[in-house]
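A.B. asks: In my numbering, the protein residues as written are 19 to 508.
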């Protein structure tokens, strides 16, 4: 648990033997995990740095079971931590050490209910693995654009609850932009059925947006109607050695027109990040051995298949990169010649998080600023951090097409986590003050959870915080739904 976060007040009602039997009557023995070893993966966050407690892990198989579990907890004041794939980075799905209630896992609710390739939608349960949904869409010649490093284990319910981002936000938007309708179990056990596959529905408040990004504090998402798109048929992926970050945003600006609005992803990578992945992730290969501190992973996609003799995405990208080289923005570049080469490029980008875990203790900030301000932020942010700890090692990277930078550092070689932690508050304040001064966000896509609880309180206005508290108290008057996450109520 981060040293700077003070444990908030959360309900402490115990799961009595009678309540446990009530839960068993609802979900059966296979829906309960009581032994400490079995509970461990559910009470420990992905990074292994935050560990909480739970009286029992409850795994309902249907929305009806979920509703009954939540109603039982509501009637008895039992706190609930909703959980999907538990791959978050802010501790939002991890119980506090003082948690005496349950973890409610949606993992058994994992059916694809319907795919409508004609209407470009699919209806799914919250426990579906994201990669499974991507593959299901592809099997219908369709495309689900939500894509992130944890897609092999994260679940769509968690993706929507945290409004996940990923590498396709530039073109398709965050998770909330991919949703037509939701089914949600409210904190009192009521079921809201908003599973409408409508692109237009102007009947009052759009309730689904309350629950996406709320990190399970307002209710439990159990089903969703997702938007899908035509499957990409012509893809060009390039690894580009850059002059500097300013060149990256200029390249992106011109790429939209050159690709005929087919830019799918634009990811900034530092040489330091790339080398770290090559050190720790077996099988990765350096796509381009160029002597420059900055790289760009650029991908263009089209749903139109390349015709014989016609100019495809790779041809257009090759000419574009030649023009950018002549302009001095590109120093060198390679376009993937096959799927294997393209996949290697993406594995490097997606493996930064596991590589950093292997590298040692570090600090990471998930921030966003206006795209045009990214070079200024990188310059000032790195300088401010080095002023505090001159031997810290910057490892910046990010989805610069949408202004999101993962502003990361590895601790100085030989420095342990506890010592690095002594510098963390000063560096955090410097980074977040800079972000705020540039009208940015201290959390672009990872959410608030436990880790940024006090940072949200520090940087958001009283009006915003009071409005969020009003909504929370209205929907969850007993504060049982993921209490102590995102927002302090007092």
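A virtual CB, placed ideally from N, CA and C, is assigned to each residue, including glycine. The model shown is predicted, which means the values in this text are computed figures rather than measured ones.
Given a threshold of 16 other Cβ atoms within 10 Å of its Cβ, counted over all protein chains shown, does residue 347 qualify as buried or as exposed?
C.D. replies: By one-based count along the chain shown, residue 347 stands at place 329. Under this definition residue 347 is a buried residue.
A.B. asks: What did DSSP end up calling residue 291 once you bin it into helix, strand or coil?
C.D. replies: For the purposes of this step, residue 291 is taken as residue 273 along the chain shown, with counting starting at 1. Looking at residue 291 - three-state DSSP - the assignment turns out to be helix.
A.B. asks: Quick check: what's the CA-CA separation for residue 300 versus residue 101?
C.D. replies: For the purposes of this step, residue 300 is identified with residue 282 of the chain shown, where counting begins at 1. For the purposes of this step, residue 101 is identified with residue 83 of the chain shown, where counting begins at 1. If you take the alpha carbons of residue 300 and residue 101, they lie about 31 Å apart.
A.B. asks: For residue 338, which residues from the same chain have a beta carbon less than 6 Å from its beta carbon, with the 5 sequence-adjacent residues on both sides left out?
C.D. replies: As a working mapping, residue 338 is identified with position 320 in the chain shown. If we look at residue 338 and ignore the five residues flanking it on each side, its Cβ neighbours are 276.
A.B. asks: How is residue 409 classed by DSSP in three states: helix, strand or coil?
C.D. replies: Numbered from 1 along the chain shown, position 391 holds the residue referred to as residue 409. Here residue 409 sits in coil by DSSP.
A.B. asks: With a threshold of 8 Å, are at least 3 pairs of Cβ atoms found where one atom belongs to the region 203 to 213 and the other to the region 172 to 192?
C.D. replies: No, because fewer than three Cβ pairs between the region 203 to 213 and the region 172 to 192 fall closer than 8 Å, the two stretches do not touch.
A.B. asks: Tell me whether the beta-carbon of residue 311 lies closer than 7 Å to the beta-carbon of residue 289.
C.D. replies: Looking up residue 311 in the chain shown gives position 293. Looking up residue 289 in the chain shown gives position 271. Yes.
A.B. asks: Can you name the start and end residues of the alpha helix (DSSP H) that residue 190 belongs to?
C.D. replies: Stepping through the chain shown from its first residue, residue 190 is reached at position 172. Note, residue 190: alpha helix (DSSP H), 187 to 190.
A.B. asks: Enumerate in chain order the residues of its own chain whose CB-to-CB distance from residue 20 is below 7 Å, with the five nearest sequence positions on each side excluded.
C.D. replies: For the purposes of this step, residue 20 is taken as the residue at position 2 of the chain shown. Only weak support is given to the placement of residue 20: the predicted model assigns it a pLDDT of 46, under 50, and the question is left unresolved by the model.
A.B. asks: What residues are listed by DSSP as bridge partners for residue 133?
C.D. replies: Residue 133 sits at position 115 when you count from the first residue of the chain shown. Partner(s): 140.
A.B. asks: When the Cα atoms are used, what is the spatial distance from residue 258 to residue 314?
C.D. replies: Taking the first residue of the chain shown as position 1, residue 258 is located at position 240. Taking the first residue of the chain shown as position 1, residue 314 is located at position 296. Each residue's Cα considered, the two are about 5 Å apart.
A.B. asks: In angstroms, rounded to a whole number, what distance separates the CA positions of residue 14 and residue 242?
C.D. replies: What is shown of the chain runs 19 to 508, which leaves residue 14 out entirely.
A.B. asks: Leaving aside the five residues before and after residue 415 along the sequence, list all residues of the same chain whose C-beta is less than 8 Å from its C-beta, in chain order.
C.D. replies: For the purposes of this step, residue 415 is taken as the residue at position 397 of the chain shown. So the qualifying residues of the chain are 285, 286, 287, 288, 291, 367, 370, 423, 424 and 426.
A.B. asks: For residue 421 versus residue 388, is the C-beta distance shorter than 7 Å?
C.D. replies: Locating residue 421 in the chain shown gives position 403, where the first residue counts as 1. Locating residue 388 in the chain shown gives position 370, where the first residue counts as 1. Result yes, Cβ atoms of residue 421 and residue 388 sit closer than 7 Å.
A.B. asks: According to DSSP, is residue 155 part of a helix, a strand, or is it coil?
C.D. replies: Position 137 of the chain shown, counting from 1, holds the residue named residue 155. Of the three classes helix, strand and coil, the one that applies to residue 155 here is helix, per DSSP.
A.B. asks: What residues in its chain sit with their C-beta under 6 Å from that of residue 107, if we drop five residues either side in the sequence?
C.D. replies: Counting from one through the chain shown, the residue named residue 107 turns up at place 89. Answer for residue 107: 464, listed in chain order.
A.B. asks: Can you tell me which of the three DSSP states residue 35 falls into?
C.D. replies: In the chain shown, the residue the question calls residue 35 occupies position 17. Reduced to three states, the DSSP call for residue 35 is helix.
A.B. asks: Quick check on the DSSP output: what are the complete beta strand (DSSP E) runs of length 3 or more inside the region 170 to 245, in order along the chain?
C.D. replies: List check, beta strand (DSSP E) in window: 197 to 203, 209 to 212 and 238 to 245.
A.B. asks: Any idea which residues DSSP pairs residue 259 with across the strands?
C.D. replies: Counting from one through the chain shown, the residue named residue 259 turns up at place 241. DSSP, once it has assigned bridges, lists 313 and 350 as partnering residue 259.
A.B. asks: Please list the terminal residues of the continuous beta strand (DSSP E) segment that includes residue 507.
C.D. replies: Against the chain shown, residue 507 aligns to sequence position 489. Taken as a continuous stretch (DSSP letters only), residue 507 belongs to no beta strand (DSSP E), as it is neither H nor E.
A.B. asks: Restricting to runs no shorter than 3 residues, where is the beta strand (DSSP E) found entirely within the region 399 to 454?
C.D. replies: Fully enclosed beta strand (DSSP E) runs of 3 or longer: 415 to 417 and 422 to 428.
A.B. asks: Would residue 113 and residue 185 be called neighbours here (beta carbons separated by less than 7 Å)?
C.D. replies: For the purposes of this step, residue 113 is taken as residue 95 along the chain shown, with counting starting at 1. For the purposes of this step, residue 185 is taken as residue 167 along the chain shown, with counting starting at 1. No.
A.B. asks: Looking at C-beta atoms only, is the number of pairs between the region 160 to 172 and the region 43 to 58 that lie closer than 8 Å three or more?
C.D. replies: At 8 Å Cβ cutoff, the stretches do not touch.
A.B. asks: Could you check whether the region 230 to 245 touches the region 314 to 332, counting it as contact only if at least three pairs of C-beta atoms, one from each stretch, sit closer than 8 Å?
C.D. replies: The region 230 to 245, when compared against the region 314 to 332, does not touch it at the 8 Å Cβ threshold.
A.B. asks: Would you report the Cα separation of residue 35 and residue 131, rounded to the nearest angstrom?
C.D. replies: Looking up residue 35 in the chain shown gives position 17. Looking up residue 131 in the chain shown gives position 113. Distance between the alpha carbons of residue 35 and residue 131: 36 Å.
A.B. asks: With distances taken between CB atoms, is the gap from residue 382 to residue 445 smaller than 7 Å?
C.D. replies: Residue mapping note: residue 382 aligns to position 364 of the chain shown, counting from 1. Residue mapping note: residue 445 aligns to position 427 of the chain shown, counting from 1. Cβ atoms of residue 382 and residue 445: not closer than 7 Å.
A.B. asks: Should residue 82 go down as buried or exposed, given a rule of 16 or more other Cβ atoms within 10 Å for buried?
C.D. replies: Here residue 82 is taken as the residue at index 64 of the chain shown, counted from 1. Exposed, since its Cβ has fewer than 16 Cβ neighbours within 10 Å.
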